[in-house]
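These notes concern the structure reproduced below.
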Amino acid sequence: MPLSVCRKLGLEEMKTTTISLQLADRSIKYPRGIIEDVLVKVDKFIFPADFVVLDMEEDEEVPLILGRPFLATGRALIDVQKGELTLRVNKEEVMFNIYQAMRIPEEPSTCFRVDDIKQCEEKAFKEDAPANHLERALQQDTSLSNEVERNCTLIPLGDPD
Numbered sequence: 001m002p003l004s005v006c007r008k009l010g011l012e013e014m015k016t017t018t019i020s021l022q023l024a025d026r027s028i029k030y031p032r033g034i035i036e037d038v039l040v041k042v043d044k045f046i047f048p049a050d051f052v053v054l055d056m057e058e059d060e061e062v063p064l065i066l067g068r069p070f071l072a073t074g075r076a077l078i079d080v081q082k083g084e085l086t087l088r089v090n091k092e093e094v095m096f097n098i099y100q101a102m103r104i105p106e107e108p109s110t111c112f113r114v115d116d117i118k119q120c121e122e123k124a125f126k127e128d129a130p131a132n133h134l135e136r137a138l139q140q141d142t143s144l145s146n147e148v149e150r151n152c153t154l155i156p157l158g159d160p161d
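Residue numbers (the UniProt record's numbering): 1 to 161.
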């Protein structure tokens, strides 16, 4: 959690820590501290969560990362194939569709182009790919032997006799 968000929420009391975090860009950050037992509301459930506080620039489009301990507390079930995340408390559960959540832009000006790219890839593949496997194998074999003839000198091995 960014330090600025922590201050906006009035969560000034944090435990010191000696951990270091290596970020995706391979930079190393040293947290300001850890805030424990922050109540986080997810739909109709309220969970306690611990947050590592970093002195970093706040980005409203980047959500807070709720890690493995939080998912364990919420008894999360993740179905990657269906794109569903289910949080459970006792016999109650709440299900989220991850694919649907990713499609809804936070701002009207946000644009997602994944579908367009996939359609272009499929079209290019159909145009470039041979119709059947035998044709493809023959094309690859011919191009490989032509490349060998152009770029290699064959040297016989064994006795010259």
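A virtual CB, placed ideally from N, CA and C, is assigned to each residue, including glycine.
In three-state terms, what does DSSP make of residue i?
i: Thr73; result: helix
i: Leu23; result: coil
i: Lys44; result: coil
i: Leu3; result: helix
Hey, residue i and residue j are a contact pair by Cβ (cut 8 Å); roughly how many whole angstroms apart?
i: Phe47; j: Val53; result: Incorrect: roughly 18 Å between the Cβ atoms, too far for contact.
i: Glu58; j: Pro2; result: 4 Å
i: Phe51; j: Ile35; result: 5 Å
i: Leu87; j: Glu93; result: 7 Å
For residue i, which of the options has the nearest alpha-carbon?
i: Lys29; options: Thr73, Gly67, Phe45 and Asp55; result: Asp55
i: Ile98; options: Val42, Lys44 and Asp79; result: Asp79
i: Gly74; options: Lys82, Gln81, Ala49 and Gly83; result: Ala49
i: Lys5; options: Arg32, Val94, Ser20 and Thr17; result: Residue 5 is actually Val in this sequence, not Lys. It is Arg32.
i: Gly10; options: Pro69, Leu23, Thr18 and Val38; result: Val38
i: Asn90; options: Lys8, Ala76, Thr16 and Gln100; result: Ala76
i: Val42; options: Thr18, Phe70 and Gln81; result: Phe70
Uninterrupted beta strand (DSSP E) stretches inside the segment 77-101 (no shorter than 3 residues): 77-79, 84-89 and 92-97
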